[in-house]
Amino acid sequence: MIIVIIGIALAAFIGFALYSASGLKFIQIVKTVTIKGSKEEVFGMVKNLNNFPKWSPFLAQDPAQKYEVTGIDGTVGAQYHWDGNNGKDLGYQEIVKIEDLKFVGMKCDIQKPFVAKPTFDYYFTETPNGIEVKQDFKLTSGLGDAFFMWLFGAKGQMEKTNEQGLALLKKAIEN
953 MIIVIIGIAL AAFIGFALYS ASGLKFIQIV KTVTIKGSKE EVFGMVKNLN
1003 NFPKWSPFLA QDPAQKYEVT GIDGTVGAQY HWDGNNGKDL GYQEIVKIED
1053 LKFVGMKCDI QKPFVAKPTF DYYFTETPNG IEVKQDFKLT SGLGDAFFMW
1103 LFGAKGQMEK TNEQGLALLK KAIEN
């Protein structure tokens, strides 16, 4: 009888977990920040990957991280490669589209600690209070990866990291 109850509880947990994880097969996180600075300065801080260490939340979390920019910085095809956490974090982000003073689109290729290919799109809008930067993060994954993201609360951590990055971007320009 106890084995049957344990089996039912385990099946219920797995069913609930898979149902919950299915909602994480596609994650979109949109964050905005308003920065007091010129549109050229704000846009250039995002477009030029050599500036990323000034506002990278990943570098803030792992100051020993190694990084390198390849290609022609600030142009489509430029890449920011990173290797951190003693080889446990590895990947790169690449500029895939630029609309001068309006938009920068990037794709990431993460190899460690998990394999993922998220995108980051940045939109720049002038407002009476400064330049609004909207970051639109998207990640599509399979059910197995979504299960582990659900199990470890990865979406919440992604949201905190994206907020930290935009706060650091604001600080880098305003200070």
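Under the working numbering, the first residue of the sequence shown is numbered 953, with each subsequent residue one higher. Virtual Cβ for every residue (Gly too), placed ideally from N, Cα, C. Quantities reported herein were computed from a predicted structural model and do not represent experimental measurements.
- Counting of Cβ neighbours within 10 angstroms places Lys1123 among the exposed residues, the total staying below 16.
- Sorting Pro1005, Gly989, Leu962, Lys999 by C-alpha distance to the C-alpha of Leu1120 places Pro1005 at the top.
- When the beta-carbon positions are compared, Gly1026 and Lys988 stay at least 8 Å from each other.
- Runs of the beta strand (DSSP E) lying entirely within the segment 1023-1070 and spanning at least 3 residues, in chain order: 1031-1036, 1041-1051, 1055-1064.
- Taking a cut-off of 8 Å on C-beta distances, the segment 1045-1056 does not touch the segment 1008-1021, as fewer than three cross pairs fall below it.
- Between Phe1076 and Lys1059 the beta-carbon gap is near 19 Å, outside 8 Å, which marks them as no contact.
- Considering only Asp1052, Gly1082, Ala1030, the residue with the shortest C-alpha distance to Tyr1044 is Ala1030.
- Residue pairing by DSSP places Glu1020 opposite His1033 in a beta bridge.
- As computed with DSSP, Ile987 is found in a beta bridge with Ile1083.
- Look at the beta carbons and you see the segment 1069-1086 touching the segment 983-997: at least three pairs across the two are nearer than 8 Å.
- Phe995 carries a helical assignment under DSSP once its states are collapsed to helix, strand and coil.
- Selection Ile1125, Glu1115, Asp1097, Glu1126 evaluated against Pro1009 yields Glu1115 as nearest (Cα-Cα).
- With contacts defined as CB atoms closer than 8 Å, Lys1064 and Leu1091 fail to qualify as a contacting pair.
- Under DSSP, Leu1091 forms a beta bridge with Ile979.
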